[in-house]
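Working notes for the structure below.
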Amino acid sequence: MSKFEIKILTPENWELYKLARLNSLRESPDSFGSTHDQEAVLSDSEWQSRLDLKLRDIDALPLVAEMDGQPVGIAWGFIHKPNLQVAHIYQMWISPEFRGKGIAKSLLLKIQAWAIARGCGLMALAVTTSNEAAVNLYRTFGFVAAGPLEELRVDSPLLVQPMVIELNSAA
Ligand SMILES: CC(C)(COP(=O)(O)OP(=O)(O)OC[C@H]1O[C@@H](n2cnc3c(N)ncnc32)[C@H](O)[C@@H]1OP(=O)(O)O)[C@@H](O)C(=O)NCCC(=O)NCCS
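Letter 66 of the sequence shown, counting from 1, is numbered 91 in the working numbering, and no numbers are missing.
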C-alpha cells in the first residue's frame, strides 16, 4: 500500500477540504463541537475563505493527509490572538479505513513542530470523554487533562475533556 503524504491546505484545494471535513462531521458526529448540518450549508466561497489565512488574518496550519491523491485525514493547528503561547488542535479526523496507520500521530507531530517554531509553550485541545481512540491517541502523545469537563455542544449530553501538552520551544 502507498505511503500517506501530509500537505498544507490552501484556498486552491478547498474542495478537497470540504469533502474531508463534511465526511468527518457525518462519520464522527460525537467528536466535534460543530455539526454536519451547520457546515453543509456553507457556500463554496466560505469553504475557500476558511483556508485563506491572510484574508482572515489568522495564524493556522490546516493539514490534509493524502493517500494516492485522495484526502484520508485532516487536522488544524490554530493560534488565537492575543494568546500566542497556545497552539490549539481542531478538526482531527482520519477516514475509518486508514486508521491505525500512524496518520493522526504524524499530523500531531507536524502541528507540534509548527507550534514550536512559532514559539508556543503549549498545545491544547478538547476530546470527547467517551472517545477511547482519541483519548488514547492524545495520552500516548503526552497530553494531560487540564481543567474541568465541558459540554460538547448545547444540545448534547456528551462531555469533552480539555487536554494540554507543554512544548519546549527551545528544542
Ligand atoms: C482518533 C483518531 C484521529 C486516531 O487516528 P489514527 O490515524 O487511527 O491514529 P494513529 O494510527 O496515529 O494512532 C496513534 C496512537 O493513538 C492510539 N490509538 C489510535 N486508535 C486507537 C484505538 N482505536 N484504540 C486505542 N488507541 C488508539 C494508540 O496509542 C496509537 O498508537 P499505537 O498505534 O502505537 O498503539 C481516529 O480514530 C479518528 O479519526 N476518529 C474519529 C474522529 C475523532 O475522534 N477525532 C478526534 C477529535 S478530538
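All C-beta atoms in this analysis are idealised placements derived from N, C-alpha and C, irrespective of residue type, glycine included.
Please find out if some non-hydrogen atom of ligand 1 comes closer than 7 Å to the beta-carbon of L44.
-> no
Beta-carbon proximity check, W7 vs W72, cutoff 8 Å = The requested residue 7 does not occur in the structure, where the chain is confined to residues 26 to 196.
Between Q137 and P182, what straight-line distance do the alpha-carbon atoms span, to the nearest angstrom?
-> 31 Å
With 16 as the cutoff for other CB atoms within 10 Å, does K79 come out buried or exposed?
-> Exposed is the call here.
Quick one: grab the DSSP three-state call for A158.
-> helix
Separation of Q186 from K32, as counted between CA atoms = 28 Å
Would S56 be called buried (16 or more neighbouring beta carbons within 10 Å of its own) or exposed?
-> Under the 10 Å beta carbon count, S56 is surrounded by 16 or more other beta carbons and is classified as buried.
Please go through the same chain and pick out, in chain order, the residues whose beta-carbon is closer than 8 Å to the beta-carbon of P107, but skip the five residues on each side of it.
-> none
Residues of its chain near T165, where Cβ-Cβ distance is below 6 Å and the 5 sequence neighbours each way are ignored = none
Span separating the alpha-carbon of Y115 from that of G146 = 17 Å
Please confirm whether any heavy atom of ligand 3 lies closer than 7 Å to the CB of A112.
-> With respect to small molecules bound, the structure shown includes ligand 1 and not ligand 3.
Enclosing beta strand (DSSP E) for L44 [first to last residue] = Looking at the DSSP string, L44 is not in any beta strand (DSSP E); the run it does join, the alpha helix (DSSP H), is 39-52.
Residues in its own chain within less than 8 Å of D77 by CB, not counting five upstream and five downstream?
-> P36
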